[in-house]
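See below for the structure under consideration.
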Amino acid sequence: MKEKSNVNLDLKIFSSSEFLLSASKIEEMPKDKGVEIAFVGRSNSGKSSSINAILSRKSLARTSKTPGRTQLINVIRLTEHLRLIDLPGYGFAKVKESIRVGWERMLTDYFIKRQSLKLILITVDIRRGIQELDQVMISLAEENGLKVYIVFTKIDKVSRNDRDKCRYQSLSLYPQHSIFFTSSIKNIGFDEVKKSIVTDLSLMG
Ligand SMILES: Nc1nc2c(ncn2[C@@H]2O[C@H](COP(=O)(O)OP(=O)(O)OP(=O)(O)O)[C@@H](O)[C@H]2O)c(=O)[nH]1
Ligand SMILES: [Mg+2]
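In the numbering used here, the protein residues as written are -11 to 193.
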């Protein structure tokens, strides 16, 4: 069992945030205390944009049109006990094999070893749906006792029908996990994400 942590909780936790550091490996991260919430997902799936939307910041987490931009673990501090983590994306084909394997190993290591990690938000570009690597990550999270949110991004790009297809895919694969439909461009869906985070953190004690 991962240890419990004290976090003072309401929606105000999202109102003041600061960029803490970028780490190239887990050893460079802050002390493994308190609670971490990590954003994982394919390159370009909208992790950094989702973090900015949740924090109502324009560019605290750096976004990019070039997939694979976030190559470091970016750590954002919300409170003394609570951090958001912007992880490098996986599945970017154009990255050198050796680098890609290194990142994937680092992600695996982080999931397994990090005591403060309690919740992961998997961002899924709604135009792509949940793919094999996403499923690998979700399984890894489950095996390590982490709570999982499936966050579909870029819903401004698809019809309601396409959105429903993803809902069914998600419900049939993962009926146990919460799903969210978001657009950072139109600022849709993030209030629900924030409320769930607050509720789940409260339940963790
Ligand atoms: N239309 C639309 N575009 C979005 C949305 N969210 C992100 N994008 C765009 O998608 C691209 C990638 O967004 P990022 O937030 O940088 O994605 P990321 O997952 O952090 O990418 P990496 O760090 O490279 O893994 C950028 O061009 C964003 O502007 C959205 O809700 N709607
Ligand atoms: Mg990013």
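Cβ coordinates follow ideal geometry from the N, Cα and C atoms, glycine included.
Between M(-11) and the rest of its own chain, which residues show a CB-CB distance below 8 Å, the 5 nearest in sequence each way excluded? A caution first: M(-11) carries a pLDDT of 49, below 50, which makes its placement in the model too unreliable to give a value.
Endpoints, the alpha helix (DSSP H) within which A49 is located: Unbroken run through A49: none, as it is neither H nor E.
Name, in chain order, the residues that DSSP records as bridge partners for G29. G29 is bridged to T111.
For the beta strand (DSSP E) containing N62, name the first residue and the last one. I61 to T67
Taking C-beta to C-beta, are G77 and N32 nearer than 8 Å? yes
Check whether the Cβ of G117 lies closer than 8 Å to any Cβ atom in chain C. The displayed structure is made up of one protein chain only, and chain C is not part of it.
Using 7 Å as the cut-off, classify the Cβ of N62 as near or not near the heavy atoms of ligand 1, replying yes or no. no
Under 8 Å between the Cβ atoms of T141 and G34? yes
Inter-residue spacing [alpha-carbon to alpha-carbon] between E6 and V63: 9 Å
Roughly how many angstroms separate the alpha carbons of S37 and I185, rounded to a whole number? Cα atoms of S37 and I185: separation of roughly 17 Å, rounded to the nearest angstrom.
Less than 7 Å separating the Cβ of A49 from some heavy atom of ligand 2? The answer is yes for A49.
May I ask whether a heavy atom of ligand 1 can be found less than 7 Å away from the beta carbon of I173? yes
Identity of the residue in I39, L60, S3 and S44 nearest E15 by Cα: L60
Does the beta carbon of D144 fall short of 7 Å from some heavy atom of ligand 3? Among the ligands modelled here, namely ligand 1 and ligand 2, ligand 3 does not occur.
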